[in-house]
Amino acid sequence: MSEQQLKQATLAYAVRLGDDALVLGHRISEWVSYGPFLEEDIAYGNVALDYIGRARMLYSYAAELSGEGKSEDDFAYTRNEREFSNLLINELPKGDFAYSQVRQLLVDVYASLFLTQLLQSKDATLAAIAAKAIKETRYHLRRSRDWVLRLGDGTEESHRRTQVALDSLWGYSHEMFELDALEQQLADAGIGVDVSALRESWHAKVSEILTEATLVVPEDGWKVRGGREGYHTENLGHLLTDLQFVHRSYPGCQW
Amino acid sequence: MEQISLMPKEQHERLQQRQQADVAAIWDILDAVKDPEIPALSIWDLGVLRDVSVAQERVRITITPTYSGCPAMDAIRADIETALLDAGIDRVEVKTQLAPAWSSEWMSASGQEKLRNYGIAPPQDGENDDEGLAPLANVRCPHCGSHNSHCISEFGSTACKALFRCDDCSEPFDYFKRI
């Protein structure tokens, strides 16, 4: 691959990772002022900020690579649903508290494995972003693990809801380990992560926590995919309407 | 008895960098720039201020965010420009640097002391667990000095802090996590 092609591929990679972070960060932020108690409300706000900060770093890097005078805002606010390439699990509505915590657990275990690999990237900026993000992810994981244990091994009602959440989210987990042509190229070049190699460790770690939480690890049955190619659930359009409204109504507005 | 300094290596290197700088006056001006979330601390104390250099009559300030989404960074950037402008320096560039990632070890000794007096337990007042994560108990209470405390929430008023309660004096307090 020529240097120019590699640069374009890295740009697209930064954008998809940025999309993952922005979309999930927005979803988590929807808990602010709806948390079950004050400390949790604040915790959600903090986790959301970590993700949105991550999105800003990745989009800023993409903007720099594009060399077209773009900014992070162009990526966040002026692209349509089909142009977003986040994994579907990140865009699903927040559901109840159990649902959000189970999603967080699945994503946090994944992120801890993914970022550990990205630390080794030959791309200095991606490695630096990973170094920053992994410190935060380890705290996110401690919290989501703690909650899934408490809810799974809690009351009859909390157990039931957590299992329902797990069963309905499991089918969205497979997409995280799909390696497409772009990621294969970048993995070969030592820039990106071979996510297909993470699946086994992820499954082992998640199963260990779920079992401790007295939850049943779902069978691999149905799968939903398509986020990386821009095929989304109907939920992303609604999310973007909310997220992009001000920027689209008042383009370039500053205060 | 004379005390032996136990300054961490990272802090020693920062101090050397500052003392050897040929733009000492600018470092001093920047002591006036505080963290908007913790006004007791300057950006030097916090370790966010990484470098000051001058090239072609432009002053370049390098800062590193504590956490990815730290909302204080934009305010800090604006405050740096204002502080330098007040001192008659108007050609300023503030650059954000990601690597190496910010570490609580960069916080100055006086910064830790200021935090404690402000009612926030500084990073050194707790020991990280085996996995290298912030403790869930036994952080020294900044109010009464007891180590008999426990974590109420992993995330406090900002992402860099956890919320604790002292089991002796019963006061809640923020603990600035060690990362």
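One line per chain: the protein sequences are A and B, in this order. Just so you know, we're using our numbering here: the first sequence kicks off at 3 and counts up by one. Just so you know, we're using our numbering here: the second sequence kicks off at -4 and counts up by one. Note that beta-carbon positions come from the ideal geometry of N, C-alpha and C, so glycine has one too.
Review point. Counting contacts by CB-CB distance shorter than 7 Å, is B:G42 in contact with chain A?
Key: no
Check your understanding: So is A:I54 in contact with chain B if we call contact Cβ pairs under 7 Å?
Key -> yes
Review point. Would you call the stretch 26 to 41 of chain B and the stretch 101 to 121 of chain B touching, i.e. three or more CB-CB distances under 8 Å?
Key: Below 8 Å, enough C-beta pairs join the stretch 26 to 41 of chain B and the stretch 101 to 121 of chain B to call them touching: three or more.
Check your understanding: Apart from the five residues just before and just after A:E138, which ones in its own chain have a Cβ nearer than 7 Å to its Cβ?
Key -> D52, listed in sequence order.
Review point. Between B:H138 and B:C65, what straight-line distance do the alpha-carbon atoms span, to the nearest angstrom?
Key: 27 Å
Exercise for review: Determine the direct distance from the alpha carbon of A:K134 to that of B:A129, and round the result to whole angstroms.
Suggested key: 16 Å
Practice item. Kindly indicate which three-state DSSP category B:F159 falls into: helix, strand or coil? Key: strand
Exercise for review: Kindly list the residues whose CB is nearer than 8 Å to the CB of A:D23, restricted to its own chain and excluding five residues on each side of it in sequence; keep chain order.
Suggested key: Just to set this straight, residue 23 of chain A is Ala in the shown sequence, not Asp. Result list for A:A23: Y53, I54, R56, A57, L60, in chain order.
Check your understanding: Would you call the stretch 107 to 122 of chain B and the stretch 65 to 82 of chain B in contact, with 3 or more CB pairs under 8 Å?
Key -> These segments do not touch.
**Study point:** Reduced DSSP category for B:H142 - H, G, I as helix; E, B as strand; rest coil
**Key:** coil
Review point. Can you tell me whether A:K225 is buried or exposed, with buried defined as 16 or more other CB within 10 angstroms of its CB?
Key: exposed
Point to revise | Nonlocal neighbours in the same chain, by C-beta distance under 7 Å from B:Y62, ignoring five residues either side | key: Residues of the same chain with a CB within less than 7 Å of the CB of B:Y62, apart from the 5 flanking positions on each side, are A154, C155 in chain order.
Review point. According to the Cβ coordinates, are B:P31 and B:A67 closer than 7 Å?
Key: Going by C-beta atoms, B:P31 is nearer than 7 Å to B:A67.
**Study point:** chain A contact for B:E149 (CB, 7 Å cutoff)
**Key:** yes
Exercise for review: Count the other CB atoms, across all protein chains shown, that sit within 10 Å of the CB of A:C255; report buried if there are 16 or more and exposed otherwise.
Suggested key: exposed
Exercise for review: At 9 Å on the CB atoms, spell out the chain A contacts of B:A170, in chain order.
Suggested key: The sequence given here places Tyr at residue 170 of chain B; Ala does not occur at that position. Chain-order list of chain A residues neighbouring B:Y170: empty, with the shortest C-beta distance near 13 Å, by a criterion of under 9 Å.
Review point. Are three or more beta carbon pairs between the stretch 178 to 186 of chain A and the stretch 240 to 256 of chain A nearer than 8 Å?
Key: no
Point to revise | Same chain, Cβ closer than 8 Å to A:E185, neighbours up to 5 away in sequence not counted | key: Result list for A:E185: Y15, G194, V195, D196, V197, in chain order.
Point to revise | Near-chain A residues of the stretch 117 to 134 of chain B (beta-carbon distance less than 8 Å), N- to C-terminal order | key: E126, G127, L128, A129
Check your understanding: Helix, strand or coil for A:F39 per DSSP?
Key -> Here A:F39 sits in coil by DSSP.
Check your understanding: Does B:I71 have its Cβ less than 7 Å from a Cβ in chain A?
Key -> Closer than 7 Å: no.
Exercise for review: Taking only runs that begin and end inside the stretch 99 to 145 of chain B, name each unbroken alpha helix (DSSP H) of 4 or more residues, in chain order.
Suggested key: 104 to 113
**Study point:** Nearest neighbour of A:I131, chosen from A:H205, A:F116, A:L143, A:H142 [CA to CA]
**Key:** Comparing Cα positions, the closest option is A:F116.
Check your understanding: If the cut is a Cβ gap below 9 Å, which residues of chain A does B:C65 touch?
Key -> L51, G55
Exercise for review: Have a look at the DSSP bridge pairing and note the partners of A:E221.
Suggested key: Answer is none; A:E221 lacks a bridge partner.
Practice item. Within the stretch 147 to 190 of chain A, note down every full alpha helix (DSSP H) run reaching 4 residues or more, in order along the chain. Key: 158 to 171, 183 to 190
**Study point:** CA nearest to the CA of A:T213, picked from A:T235, A:S170, A:L153
**Key:** A:L153
Review point. Assuming A:A129 contacts A:L121 under a Cβ cut-off of 8 Å, what Cβ separation, rounded to an integer in Å, is found between them?
Key: 6 Å
**Study point:** Cβ-based burial, B:N123 [other Cβ within 10 Å; buried from 16]
**Key:** Exposed: under 16 other Cβ atoms inside 10 Å.
Practice item. Could you tell me whether any Cβ in chain D is nearer than 7 Å to the Cβ of A:E41? Key: Looking at the structure shown, chain D is missing, and the protein chains on hand are A and B.
Practice item. Verify whether the separation of the beta carbon atoms of A:D155 and A:A100 is less than 7 Å. Key: no
Review point. Going by C-alpha distance, which of B:Q51, B:F150, B:R45, B:V54 is nearest B:P60?
Key: B:R45
Exercise for review: Determine contact between the stretch 23 to 32 of chain A and the stretch 92 to 106 of chain A, defined as no fewer than three beta-carbon pairs at a distance below 8 Å.
Suggested key: yes
Review point. In chain order, what residues of the same chain lie with their CB nearer than 8 Å to the CB of B:P167, ignoring the 5 residues before and after it?
Key: I147, L158, F159, R160, C161
Check your understanding: Which chain A residues sit within Cβ distance under 8 Å of B:I174?
Key -> Identification of chain A residues near B:I174 by a Cβ-Cβ cut-off of 8 Å yields K137, ordered along the chain.
Check your understanding: Which word fits A:R145, buried or exposed, when buried means at least 16 other C-beta atoms lie within 10 angstroms of its C-beta?
Key -> Classification of A:R145: buried, given that the 10 Å Cβ count is 16 or more.
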